[in-house]
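Read the structure below first, then the notes.
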Amino acid sequence: MVDIRLPESLRGVEPVRSVRTPAQLDYEFTAGDATSRFLKGITEKRIIGQRATPTSRVYVPPRGADPELGAATPIEVEVAQTGTVTSFCVVNLAFYGSVMEIPYTSALILLDGADLSVMHLIQEIPADQVRIGMRVEAVWRDDADIEPTLESIKYFRPNGEPDDPNVRIPGEGHGTGLGSWVGGVAPTEAIIRNPRTGEGGEVR
Amino acid sequence: MGKERVAVVGIGQTKHQATRGDVSMAGLVREAAKRALDDAAMTWADIDAVVIGKAPDFFEGVMMPELFLSDALGCTGKPMFRVHTAGSVGGSTAIVAAQLVQAGIHERVLTVAFEKQSESEAMWALSLPIPFTPPLHAGAGGYFAPHVRSYIRRAKAPDHIGMLVALKDRQNGLKNPYAHLHEHDITFDSIKDSMMLWDPIRYAETCPSSDGACALVIGNESVADAAAADGRKPAWIKGTAMRSEPTLSAERDTVIPLAGALCAADVYRQAGITDPRRDVDCVEMYVPFSWFEPMWLENLGFAEPGEGWKLTESGVTALDGDLPVNMSGGVLCTNPIGASGMLRFAEAAMQVRGTAGEHQVDGARTAVGHAYGGGSQFFAMWVVGSDKP
Chain A
7 MVDIRLPESL
17 RGVEPVRSVR
27 TPAQLDYEFT
37 AGDATSRFLK
47 GITEKRIIGQ
57 RATPTSRVYV
67 PPRGADPELG
77 AATPIEVEVA
87 QTGTVTSFCV
97 VNLAFYGSVM
107 EIPYTSALIL
117 LDGADLSVMH
127 LIQEIPADQV
137 RIGMRVEAVW
147 RDDADIEPTL
157 ESIKYFRPNG
167 EPDDPNVRIP
177 GEGHGTGLGS
187 WVGGVAPTEA
197 IIRNPRTGEG
207 GEVR
Chain B
18 MGKERVAVVG
28 IGQTKHQATR
38 GDVSMAGLVR
48 EAAKRALDDA
58 AMTWADIDAV
68 VIGKAPDFFE
78 GVMMPELFLS
88 DALGCTGKPM
98 FRVHTAGSVG
108 GSTAIVAAQL
118 VQAGIHERVL
128 TVAFEKQSES
138 EAMWALSLPI
148 PFTPPLHAGA
158 GGYFAPHVRS
168 YIRRAKAPDH
178 IGMLVALKDR
188 QNGLKNPYAH
198 LHEHDITFDS
208 IKDSMMLWDP
218 IRYAETCPSS
228 DGACALVIGN
238 ESVADAAAAD
248 GRKPAWIKGT
258 AMRSEPTLSA
268 ERDTVIPLAG
278 ALCAADVYRQ
288 AGITDPRRDV
298 DCVEMYVPFS
308 WFEPMWLENL
318 GFAEPGEGWK
328 LTESGVTALD
338 GDLPVNMSGG
348 VLCTNPIGAS
358 GMLRFAEAAM
368 QVRGTAGEHQ
378 VDGARTAVGH
388 AYGGGSQFFA
398 MWVVGSDKP
């Protein structure tokens, strides 16, 4: 057995228990056709969604496919710049990498004519007065600052209309909620729309 | 051809804490694995294959850590692979391990799940800017808080339910020597007065960031029979199920997701459970934010729509209640993310083996382990029992 000993010069040096190695990742993002068309609309201050069929759900921002139908969404639909808050939270937490000034209200907003909420900022109203069902409108950056990003909408603010008491929060369009057990009976896939025909599922 | 009957014959976990600076990642997983092997009265040589799970690599900043962990986990000369299903990964990793034995491919499989959150920053890792999108993401809490608000509105639940869950789980955690948080001074008021991080979720209603690992040894029928004959009670696996659903779908219920209910219905059918509230003795479910207890009670068939919170409020889910939930203290006490699902599965197995110590539910014979991940879109569950199926 070879006798291995720490060199004299290193004795008394505190052992290394951890090392900090910051990692950085730069990447190219390919938006794809659907998002590219959406972003082009944004540069014209228009919000453009897509749907698979003339009656199927409108996706904003579009990703090129309807996940329920498993079908491409070739039909473009311009949606309104007003919508309803379906839910929200007030973020009071700063953390590494965060660029937002706290507190801020981040909300799920169902734009009129769209079927899926987008997450965006709510301003021009105190956080404790934001509510589910509140009607809001988009506030854009100055024209010179419009870029192909959803950040070109600075935030949403109350538009003065009365609240929408019938706002569809996730799952409520299905009565009790998609994943609820009713009368002790589990739901089945039949409760959602038929993926082949696109026709509406059973209402409980 | 039917599945082989299989059981959990060994369980190990680390002491979980904010920073396990005393061990490397390899030392952490080995600590849990060695305890599971000791519990199973096995050595590394007895293991046929190793299945590893952890959450996304950004949570430590090490790409594919399973590769450098292979020797620490005794994988040399054996099959080894990793499972990825976000937060549900600890559960799905155990399921994959169980299925390798059920399929008759292996007799004894070691499965390990871990996270060493102190080595990176999960809030950052979960909030990376999405191209062309406002930088509003604020970790898992920021994602789930609006859905919690939707539940509160939908179920007409009173505000204090989330605080009751946090108090119960933190008190249960005091009985679990491995739990990260041991908050002896916690009270209802201290929870109520804690900072609102992502309104409506308070600091004290939120899981900690933990370093920790969990390991299980899963054996086939003859291995489990031998363990039983030797006085080491197996936890028989009576059903396993996983379900997924898309993140962004107009038809999706982000509060009580369809995939969660389908997963539960499938696992109960396999286990012969027809009335979960009656047939299940205790449940370990994945509750990283306190409001998820009533939400999952409804999603997993223990309560009717809008009624989950009433079970919490009336004490049904307390350790001495009719349906104890998160006896170990749950994710609210211990959250090494990748291991959190497996810890739920392990606690269910400990309960039916009767080895849960101070957090043992008397006479538990059938227990459910549950995990979820992503934006409530990946689910993994198992049912374990004290009786051979």
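Just so you know, the protein sequences line up as chains A and B, in that order.
The numbering used here applies: residue 7 is where the first sequence begins, and numbers increase by one.
The numbering used here applies: residue 18 is where the second sequence begins, and numbers increase by one.
Just so it is clear, CB atoms sit at the ideal spot from N, CA and C, and this is done for glycine as well.
Buried versus exposed call for residue i [16 or more other C-beta atoms within 10 Å across all chains shown]
i	result
Gly332(B)	exposed
Tyr33(A)	exposed
Arg202(A)	The predicted position of Arg202(A) is uncertain, since its pLDDT is 47 and thus under 50; no value can be drawn from it.
Phe44(A)	buried
Ile10(A)	exposed
Asp206(B)	exposed
Ser239(B)	exposed
Tyr195(B)	buried
Gly104(B)	buried
Gly76(A)	exposed
Pro341(B)	buried
Met81(B)	exposed
Gln30(A)	exposed
Arg260(B)	buried
Pro293(B)	buried
Glu74(A)	buried
Asp118(A)	exposed
Tyr102(A)	exposed
Asn165(A)	exposed
Contact check, residue i vs residue j, beta carbons under 8 Å
i	j	result
Leu127(B)	Ala53(B)	yes
Ala114(B)	Gly355(B)	no
Ala172(B)	Trp313(B)	no
Met140(B)	Asn98(A)	no
Pro225(B)	His197(B)	yes
Lys133(B)	Arg286(B)	no
Gln377(B)	Cys231(B)	no
Leu153(B)	Met140(A)	no
Arg125(B)	Val234(B)	yes
Ile159(A)	Trp146(A)	yes
Val188(A)	Val136(A)	no
Leu265(B)	Leu16(A)	no
Pro353(B)	Asp228(B)	yes
Ala407(B)	Trp253(B)	Lying before the first or after the last residue shown, residue 407(B) is absent from chain B, which here runs from 18 to 406.
Glu222(B)	Ala258(B)	no
Ala288(B)	Lys255(B)	yes
Ala407(B)	Val401(B)	Because chain B in this structure spans residues 18 to 406, residue 407(B) falls outside the shown range and cannot be described.
Val26(B)	Ala246(B)	no
CA-to-CA distance, residue j to residue i, given in whole angstroms
i	j	result
Pro148(B)	Ala37(A)	8 Å
Thr329(B)	Lys192(B)	20 Å
Met18(B)	Thr111(A)	Confidence in Met18(B) is poor, its pLDDT being 48 and thus under 50, which makes the residue's placement too unreliable to answer from.
Phe319(B)	Ala381(B)	17 Å
Leu360(B)	Gly107(B)	7 Å
Arg210(A)	Gly190(A)	Confidence in Arg210(A) is poor, its pLDDT being 47 and thus under 50, which makes the residue's placement unreliable; the coordinate value appears in the next sentence. Distance between the alpha carbons of Arg210(A) and Gly190(A) is about 14 Å.
Glu136(B)	Gly78(B)	7 Å
Ile69(B)	Glu83(B)	7 Å
Pro80(A)	Ala120(A)	15 Å
Thr182(A)	Glu321(B)	9 Å
Ile108(A)	Thr351(B)	28 Å
Ala192(A)	Gly323(B)	15 Å
Ser186(A)	Ala281(B)	11 Å
Gln34(B)	Ala130(B)	16 Å
Gly89(A)	Ala196(A)	30 Å
Ser357(B)	Ala86(A)	43 Å
Glu82(A)	Asp39(A)	12 Å
Phe362(B)	Lys20(B)	20 Å
Val142(A)	Phe162(A)	6 Å
The ligand GDP heavy atom lying under 7 Å from the CB of residue i
i	result
Met106(A)	Because no ligand of any kind appears in the structure shown, any question about the ligand GDP cannot be addressed here.
Point to revise | Contact between the segment 105 to 114 of chain B and the segment 42 to 57 of chain B (3+ Cβ pairs under 8 Å) | key: no
**Study point:** Any 3 or more C-beta pairs closer than 8 Å across the segment 216 to 233 of chain B and the segment 157 to 164 of chain B
**Key:** yes
Point to revise | Any 3 or more C-beta pairs closer than 8 Å across the segment 61 to 70 of chain B and the segment 88 to 101 of chain B | key: yes
Point to revise | the segment 387 to 399 of chain B in contact with the segment 267 to 287 of chain B per 3-pair CB rule at 8 Å | key: yes
Exercise for review: Could you tell me which uninterrupted beta strand (DSSP E) segments, each at least 3 residues in length, are contained entirely in the segment 72 to 133 of chain A, listed from first to last along the chain?
Suggested key: 81 to 85, 88 to 97, 110 to 117, 124 to 128
Check your understanding: Any contact of the segment 182 to 190 of chain B with the segment 140 to 151 of chain A, i.e. 3+ C-beta pairs under 8 Å?
Key -> no
Review point. Is the segment 297 to 317 of chain B close to the segment 174 to 185 of chain B, with three or more CB pairs under 8 Å?
Key: yes
Review point. Does the segment 46 to 55 of chain A come close enough to the segment 19 to 28 of chain A that 3 or more CB-CB pairs lie under 8 Å?
Key: no
Check your understanding: Between the segment 356 to 373 of chain B and the segment 289 to 301 of chain B, do at least 3 Cβ pairs fall closer than 8 Å?
Key -> yes
Check your understanding: Fully enclosed by the segment 291 to 342 of chain B, which alpha helix (DSSP H) runs are 4 residues long or longer?
Key -> 293 to 296, 309 to 316, 325 to 330
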